[in-house]
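In my numbering, the protein residues as written are 131 to 451.
Reading through the structure tokens given below for one structure.
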């Protein structure tokens, strides 16, 4: 009897360990690089209206979901009233703690501005946000997963049943983290043709080491899992170069416009200048607008920036017919 109890106890301990130990890493560092993103197949589809959130004289607003990889990603969709066909803009928001993030948060003034002027607007929440599905390993993916969500948002629009949408005219607009994601998408060869242009507000650095140094290195909760996975930048420079868009500017195929305040304390203006310099050296179409005295969120210069963005997107739509 005593031996039987010992065996049962040992089995219980082993079961407890097996359920509490983390699962083996499901992917390798190479799978979360920009090269991997450039070779990835995307499946953006199944755009669904979930709930009517608002209706004005100019547009309707719904919460939505769409498919990205094997996940259901949430967002909001603005549809202008009228016959169309209307061009579209996918919006990528900046960093907001997922514990407090709410559906459609982060670029609400841009949403209203664009929708009121005849643009279909899909603001993606990204995975792990709002009521969409979670990816428990997202922290180790260097925003390549969010980048896939942006690409799949564009493809979900293209495969949607929105009758008033011009599926050949879709652009991307992102700010802060969403601007950095825009750099990722712009250099991803497999995403070529999804977006006609990229408009980026106060983007994060195109050198991922700088992002890590600013927001990760001094934060153990963020840094330790990454260090365990790929090592510090000084210990594994080749990997960190492989997640930095600045090393892939030659792959950019669509024009970019960057808006940045020269007093930005979150994403310093030197980051935008460095990206612009690198893109120009690679022979790419890039325009940098600097707003004097402005910080991370444009205030006095925001309306001018949006007017410039509208003009920029308009002259870069693909020719009809």
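Don't be surprised by glycine CBs; every beta carbon is placed ideally from N, CA and C.
Computed from a predicted model, the values in this text were never measured in an experiment.
Coil, strand or helix - residue i by DSSP
i, result
"residue 222", "strand"
"residue 373", "coil"
"residue 309", "helix"
"residue 151", "Residue placement at residue 151 is flagged as unreliable, the pLDDT there being 33, under the threshold of 50; the coordinate-derived value follows with that caveat. The answer is coil: DSSP assigns residue 151 none of H, G, I, E or B."
"residue 241", "helix"
"residue 347", "coil"
"residue 355", "helix"
"residue 442", "helix"
"residue 362", "coil"
"residue 157", "coil"
"residue 232", "coil"
"residue 437", "helix"
"residue 265", "coil"
"residue 428", "coil"
"residue 184", "strand"
"residue 296", "strand"
"residue 256", "coil"
"residue 318", "coil"
"residue 379", "helix"
"residue 290", "coil"
"residue 323", "coil"
"residue 272", "coil"
Residues bridged to residue i (per DSSP)
i, result
"residue 301", "219"
"residue 195", "178, 204"
"residue 250", "218"
"residue 416", "386"
"residue 163", "BP columns for residue 163 are empty, so no partner."
"residue 209", "190"
"residue 330", "304, 388"
"residue 421", "391"
"residue 227", "According to DSSP, which records beta bridges pairwise, residue 227 is partnered with nothing at all."
Member of the options whose CA lies at the smallest distance from the CA of residue i
i, options, result
"residue 210", "334, 379, 292", "292"
"residue 281", "167, 409, 449", "167"
"residue 270", "431, 373, 381", "373"
"residue 177", "216, 279, 302, 339", "279"
"residue 336", "404, 193, 288", "404"
"residue 100", "303, 276, 242", "Outside the modelled stretch of the chain, which goes from 131 to 451, sits residue 100, for which no answer is possible."
"residue 194", "257, 307, 216", "257"
"residue 414", "251, 328, 165", "328"
"residue 169", "411, 307, 319, 221", "319"
"residue 240", "437, 445, 447", "437"
"residue 259", "175, 164, 233, 310", "233"
"residue 197", "287, 230, 228", "287"
"residue 383", "354, 446, 367", "446"
"residue 159", "230, 316, 228, 366", "366"
CA-to-CA distance, residue j to residue i, given in whole angstroms
i, j, result
"residue 428", "residue 188", "25 Å"
"residue 443", "residue 342", "31 Å"
"residue 326", "residue 356", "33 Å"
"residue 352", "residue 400", "24 Å"
"residue 314", "residue 391", "22 Å"
"residue 264", "residue 191", "24 Å"
"residue 360", "residue 267", "14 Å"
"residue 408", "residue 323", "22 Å"
"residue 247", "residue 301", "15 Å"
"residue 449", "residue 385", "15 Å"
"residue 151", "residue 395", "Residue placement at residue 151 is flagged as unreliable, the pLDDT there being 33, under the threshold of 50; the coordinate-derived value follows with that caveat. Cα to Cα, the separation comes out at about 40 Å."
"residue 162", "residue 376", "16 Å"
"residue 402", "residue 173", "31 Å"
"residue 410", "residue 416", "7 Å"
"residue 253", "residue 308", "11 Å"
"residue 435", "residue 331", "9 Å"
"residue 235", "residue 295", "23 Å"
"residue 363", "residue 277", "22 Å"
"residue 425", "residue 393", "5 Å"
"residue 311", "residue 275", "10 Å"
"residue 179", "residue 290", "11 Å"
"residue 321", "residue 261", "26 Å"
"residue 354", "residue 227", "18 Å"
Chain D contact for residue i (CB, 8 Å cutoff)
i, result
"residue 210", "Within the model displayed, chain D is absent; a lone protein chain is all it includes."
* Stretch pair the segment 348–357 + the segment 412–428: three plus CB contacts closer than 8 Å -> no
* Per the contact definition of three or more C-beta pairs closer than 8 Å, is the segment 175–185 in contact with the segment 194–207? -> yes
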